[in-house]
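As structure tokens, the structure follows; a few thoughts come after it.
There are 4 protein chains.
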Amino acid sequence: MSGSTFGNIFKISTWGESHGKAMGVVIDGCPAGVYICEDDIQKELDKRKPNNSKYATKRAEEDKVIIMSGIFEGKTTGTPISLIVHNKDYISKDYTNIKDIYRPSHADFTYDRKYGFRDYRGGGRASARETVARVCAGAIAKKILTDLGINILAYTSSVGNIKLKNIDLSYINENPLKMPCKEAVKEATTFLDNLIKEHNSIGGTAHCEIDGLKAGIGEPVFEKLDAMLSMAIMSIGATKGIEFGLGFLASEKKASEYNDIFYNHKNKIDKKTNNSGGILGGISDSSKITINIAFKPTPSISIPQNTINTNLENENIVIKGRHDPFIVPRAIPIIESMVAITLLDYILINTTKKIECIKYAYLNF
Amino acid sequence: MSGSTFGNIFKISTWGESHGKAMGVVIDGCPAGVYICEDDIQKELDKRKPNNSKYATKRAEEDKVIIMSGIFEGKTTGTPISLIVHNKDYISKDYTNIKDIYRPSHADFTYDRKYGFRDYRGGGRASARETVARVCAGAIAKKILTDLGINILAYTSSVGNIKLKNIDLSYINENPLKMPCKEAVKEATTFLDNLIKEHNSIGGTAHCEIDGLKAGIGEPVFEKLDAMLSMAIMSIGATKGIEFGLGFLASEKKASEYNDIFYNHKNKIDKKTNNSGGILGGISDSSKITINIAFKPTPSISIPQNTINTNLENENIVIKGRHDPFIVPRAIPIIESMVAITLLDYILINTTKKIECIKYAYLNF
Amino acid sequence: MSGSTFGNIFKISTWGESHGKAMGVVIDGCPAGVYICEDDIQKELDKRKPNNSKYATKRAEEDKVIIMSGIFEGKTTGTPISLIVHNKDYISKDYTNIKDIYRPSHADFTYDRKYGFRDYRGGGRASARETVARVCAGAIAKKILTDLGINILAYTSSVGNIKLKNIDLSYINENPLKMPCKEAVKEATTFLDNLIKEHNSIGGTAHCEIDGLKAGIGEPVFEKLDAMLSMAIMSIGATKGIEFGLGFLASEKKASEYNDIFYNHKNKIDKKTNNSGGILGGISDSSKITINIAFKPTPSISIPQNTINTNLENENIVIKGRHDPFIVPRAIPIIESMVAITLLDYILINTTKKIECIKYAYLNF
Amino acid sequence: MSGSTFGNIFKISTWGESHGKAMGVVIDGCPAGVYICEDDIQKELDKRKPNNSKYATKRAEEDKVIIMSGIFEGKTTGTPISLIVHNKDYISKDYTNIKDIYRPSHADFTYDRKYGFRDYRGGGRASARETVARVCAGAIAKKILTDLGINILAYTSSVGNIKLKNIDLSYINENPLKMPCKEAVKEATTFLDNLIKEHNSIGGTAHCEIDGLKAGIGEPVFEKLDAMLSMAIMSIGATKGIEFGLGFLASEKKASEYNDIFYNHKNKIDKKTNNSGGILGGISDSSKITINIAFKPTPSISIPQNTINTNLENENIVIKGRHDPFIVPRAIPIIESMVAITLLDYILINTTKKIECIKYAYLNF
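Here's what the structure looks like:
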């Protein structure tokens, strides 16, 4: 309704502005009995940090999470989990010069129109810093999913038009670009070094895979699993497109080429191909779920740009502050978090769909 | 939660199976005082019908809508509007032979796993016939939007790899493919005629534009307008991808090429380009919202296919029944409906976002 | 949000006006695999009918329920269940004389102010006829609860100031007043016969008990089981008060008198008293849940009353139509229905509260 | 769904345990442009404090609220408002002796059954300390309502069976019992002094009035204003009953006595009586809304009580800690808060109910 709440049963409410006191999230609906400590969350949060990468913002937040409620004797109590990350390294004066200016391809203008005014410090609530809270909540969801045998993996699949030549998953965490391909990383590194010199930024794509999810997750009609994952992922800033399985390429296929043929593989159902990307009729089919996501270039660049101010007068702007020339690597843990939160929520929902399951649960737990 | 309810304030709940008694929708939250009659809805519903197109199913439903509640003296009363379309031309025997078989790329298997069994008659709830209810609700949303000066237009933008050569919007309703390009239609016609002969089907893409929406619609963070439209559209069967503005192409651009430059156009804010597709920070910016959607080929084909049955034994299947070799033209009114419902819902939500507006409304209405 | 939707997982949306075509309900979220037929629902619906009682309206609706969707081969499919009851015996001309008049203690005035106009035929959506849909949905909830060993029983506990002298539950269905006391019924019969002669109506109270509910149902803080039951029951027209356990009498007690003492009863926890009425901290404690509900007299009487019309001019009104001199007996199945729907919903919700339960459910169902 | 979230548009999520680090609330959906500072909230919070009253707990929390987000340049931004109150004066060792014991009439047992274990420190999430967060959110709602001309007033209306003799509203804040009657206060003071000596506690009632609410607020059928206020108020710990207008007394009335007669009062609609308590058909009618609420005695007393432990063995318990012999005065600001949050939410909802209002809002704000 108002945008900062997500999920049905595993419901998260995030808060905080880029240059406010802190970022936070309240999770209402995490099952009781899950072992969670601050380190579990910190580990994921650290993946989101720029970590001195030259391709990322110079803002160096410590991003230390504090558990404020909902955990007792190391376990979730079933009541709200409140997590806070204090903001420390913000420099609000960076932004006073853009107080009255609408930065191109930023949300300045639309927030002003929506609310009548805006918190202009660092983009306020529209800043990518908001995703700190998503990663905090995602860390808990991920831990539960891992325990259920479900793994989520995202990586950078292109930098501008530099694509992967081959895929070596073990290389993802060996490079600041989070790309699973040494050759592509080399090419992209040269490209990005030049880009930084020209004070520009570039778009890119990410790929995400979900492995180990059993069949039956996702709801029919409006809450199809792909629909909900689309909402979840497209809610991340800078995303401009999403596709599942063959995606846009599927639009060029005949059914005789596209249809995934079921067969009996060691007494379990399997598919000869996975063009559909693991979802049929909006419900998981137990094969790998595969997703591609397109990101636009980050709009904040230090190249002079024309724009207008709040009085609609012409202005020429050079955006200062500390920004990311290539945002995709930092979006990777956020994609994983949003996918984890969505999956967990629909797994919880699915628990209530068969009367036999409900009877068993009511009588035994 | 359970999939068949959509929307926050303008909330719709749909029901009905392909071969059940009827399809229906209950709308709870339509504002009072809107003039609506059955013809307003019938007009949109007729666009969804196969209309003897050789590229669409031979099932010839009359699809006559009945208003069951919520309208009095020609106007919406503010209480639930119930709409029903009775099913008439269904031939359930067509499906008894697939009762125990999992059709490739259909939802048979996933529904079975989710619920323990399934209504196999014509796909049951997973059938595209479910969209009748979406179009009924969409017709009402559209009428309200039109009155607010907002227009939604969708059309077929490719058939397999046959793309538009040029765009002539006046041609959309002059051809059964709903393509705005005479040349492309000609090419596609030849292609589809051959396709029908080989009992195959083909994917395609649709384009959708929203014109006249003022700035400020959409909520921050999770309920960004593009996120909600993605959910809405990706919930339509057979969709495999969605993109806004430049979409996937944005991933190859530098910010210096991509950023849309604001300028003062006759004392109103305007943008030199619209690469972002009318949404900034998840909120409408008053320029045209542009969306591309990818559809896979309809999976039901009469070419023999291997598959397995519910006992995991090999089967060879030839799908009978009456199906669509090219689904995109019939998806056009459904896209428009889902977009209309989503926009109206977020316009209603936005009514509650400024205290000045609330005060005025409380004191004057 | 708009009032006609209730529940979280077992979510119902009702529709229909007193003098419209039909009353209906869509249930989205009923678990799959529940055996339900029209007779199961009809049985409950028949309890709501006036059944020629002289204490109830002369409107003689057949109230025949039709299952429109969601049941296949005798079982719920997990997708929306649509139920319809056609209206037949309505006489709309009865109401044209009150088109412009605000009947005392009716909703005519408030609906007009809320929506700008109203469906004046028989009270439109504000009519008690709306509860037909609640009983339809309640019948399904009740069947599931019965199967879990949970029983809900409601009865009339007073007519005006005629109270129960003793309680004989077997007598409830032996008298049209649904009172478990022969002596009170005798007294009330004389009283009501006189009341009918003076064209008046009288208030009364109902009592409701829930037996067999295990401990742990209900959510903390805002969604306490007593809070949700209060909302559910207070949403029934004509209710003016509700209390649990000792209720208002608890306000006169000391803790040393009031506190329910736990003890070990045959190796199970039990309480020496049940002053709290089966709910502690908003969560069921496995003892009987006891509820008292107050109903005002039905406002429609044939005694002349002063009032004003829509132009605020004085009017004298004699309300014609067919009304209930004593409404409580007809509210009994509605109370039971609302309690059943609420309990089932919170039992479904509770299924997702322990991680061990979720793991078991995910891996085994 | 999980209990700690309340409201539709003005949605609040609370968190925190009695002996945890802090109590907090996130409000997502507060309109933009409302002037709010910490003092506005602190003022309400201070009303909830025991303030050295001998009738209230000796726990002396400073209860200092901190605004963490959502306010910029003194005004709400339309994005989430996060409020925190740090816990300071908690003595967790007080509770280790009850770690394995189920205190009579407390939530210890039910939380254990629901979640498998519980935070036993001071009642954890089930503690009345949870209401700190409600008052924080309520303060903001109240400020908005005041600005719309709506006033909410609650007071203690009885202590045990000591009732009000007369009503002098100006006396409410002149006595620690928050009673509007000098004579009753005198009598109650003697009674409570004796009660404290015997280490006991007593129940009581509160009365709440809403003045200045225009007609039309509240939704039909399930979300009637009285139903929603019942849920809101019955969610406060220790409540056992609620009634509107004449309440339970209405059950003894004939319609000819009960019906409120409309008349033209200075060209506005008015009622000769207000037996219905300001709500007709679930919608406000512009007269005063009147509510009575019953509270049980606080269960924590220092008189020895029998009970059992988690092994179902007999125990004799004397509850230490710092508790309230009479809770109603401290519940007063909480009642007002819950009423304010509910009213504001339904005022926001009502903004979307007339098409003329929506058009005006869309085109002008």
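Chains as they are written, first to last, in our numbering: chain E, 1 to 365; chain P, 1001 to 1365; chain L, 2001 to 2365; chain F, 3001 to 3365. Don't be surprised by glycine CBs; every beta carbon is placed ideally from N, CA and C. Fair warning: this is a prediction, and the values are worked out from it, not measured in the lab.
Check the Cβ of residue i against every Cβ in chain P and list those closer than 8 Å, keeping chain order.
i         : result
L/Phe2248 : Simply none; closest approach about 34 Å.
Rounded to whole angstroms, how far is the Cβ of residue i from the Cβ of residue j, which I believe are closer than 8 Å?
i         : j         : result
P/Asp1270 : P/Gly1278 : Incorrect: roughly 12 Å between the Cβ atoms, too far for contact.
P/Lys1011 : L/Thr2351 : Not really, about 24 Å apart at Cβ, beyond 8 Å.
L/Gly2372 : L/Lys2224 : There is no way to answer for residue 2372 of chain L, as the model of chain L reaches only from 2001 to 2365.
F/Ala3206 : F/Ala3331 : 6 Å
Could you tell me the alpha carbon to alpha carbon distance between residue i and residue j, rounded to whole angstroms?
i         : j         : result
F/Leu3177 : F/Ile3084 : 28 Å
E/Gly245  : E/Asn292  : 8 Å
P/Val1026 : F/Lys3268 : 36 Å
L/Thr2077 : P/Lys1021 : 15 Å
F/Arg3103 : L/Asp2226 : 20 Å
E/Lys143  : E/Asp40   : 8 Å
E/Phe295  : F/Thr3079 : 25 Å
E/Thr298  : E/Ile289  : 28 Å
F/Ser3069 : F/Ile3081 : 5 Å
L/Ser2300 : F/Ala3255 : 8 Å
F/Tyr3258 : F/Ala3250 : 7 Å
P/Gly1160 : P/Gly1204 : 5 Å
E/Ser276  : P/Ser1105 : 7 Å
L/Lys2354 : E/Ile347  : 13 Å
E/Tyr263  : E/Ala215  : 15 Å
List the residues of chain E whose Cβ lies closer than 7 Å to the Cβ of residue i, in chain order.
i         : result
P/Ile1202 : Lys254
L/Leu2148 : Lys359 and Tyr362
L/Leu2348 : Thr352 and Ile358
L/Phe2365 : Lys354, Glu356 and Cys357
Would the C-beta of residue i count as close to the ligand COA, meaning under 7 Å from any of its heavy atoms?
i         : result
F/Asp3168 : The ligand COA is absent from the structure shown, which contains no ligand whatsoever.
In the DSSP output, which residue or residues are listed as bridge partners for residue i?
i         : result
P/Asp1270 : P/Tyr1263
E/His71   : Reading off the sequence, residue 71 of chain E comes out as Ile, not His. Its beta-bridge partners are E/Thr76.
P/Gln1305 : P/Ile1317
F/Ile3012 : F/Phe3006 and F/Ile3027
L/Cys2208 : L/Ala2154 and L/Ile2291
P/Ala1255 : BP columns for P/Ala1255 are empty, so no partner.
L/Tyr2095 : Beta-bridge pairing links L/Tyr2095 to no other residue.
So with CB distances below 9 Å, who are the chain E contacts of residue i?
i         : result
P/Met1179 : Chain E residues near P/Met1179: none, gap ~14 Å exceeds 9 Å.
Using a Cβ cut-off of 7 Å, pull out every chain F residue sitting near residue i, in sequence order please.
i         : result
L/Glu2219 : Ser3002 and Gly3003
Counting only C-beta atoms, is residue i closer than 8 Å to chain A at any point?
i         : result
L/Ala2032 : Checking the listed chains, one finds no chain A in this structure; the protein chains it contains are E, P, L and F.
Chain P partners of residue i, CB-CB under 7 Å?
i        : result
E/Tyr115 : Lys1353 and Lys1354
E/Ile242 : Ser1230, Gly1241 and Ile1242
Give the residues of chain L in contact with residue i, contact being defined as C-beta atoms less than 7 Å apart.
i         : result
P/Ala1022 : Met2068
F/Tyr3171 : The contacting residues do not exist; F/Tyr3171 stays about 21 Å from chain L at best.
F/Asp3260 : Pro2104 and Ser2105
Show which residues of chain E have a CB atom less than 8 Å away from the CB atom of residue i.
i         : result
P/Arg1125 : Pro220 and Val221
P/Ser1369 : Residue 1369 of chain P lies beyond the residue range present for chain P, which begins at 1001 and ends at 1365; the question has no answer from this structure.
What residues in the stretch 2204 to 2215 of chain L bring their beta carbon closer than 7 Å to a beta carbon of chain F? Within the stretch 2204 to 2215 of chain L, the residues whose Cβ lies closer than 7 Å to some Cβ of chain F are Gly2204, Thr2205 and Ala2215, listed in chain order.
Residues of the stretch 3263 to 3278 of chain F with Cβ closer than 7 Å to any Cβ of chain L, in chain order: Of all residues in the stretch 3263 to 3278 of chain F, the ones placed with a Cβ closer than 7 Å to any Cβ belonging to chain L are Tyr3263, Asn3264, Asn3267, Ile3269 and Ser3276, in chain order.
Residues of the stretch 3075 to 3086 of chain F whose Cβ lies closer than 7 Å to any Cβ of chain P, in chain order: Listed by position along the chain: Gly3078 and Thr3079.
Taking any Cβ of chain P, which residues in the stretch 133 to 162 of chain E have a Cβ under 8 Å from it, in chain order? Residues of the stretch 133 to 162 of chain E with a Cβ closer than 8 Å to any Cβ of chain P, in chain order: Ser158, Gly160 and Asn161.
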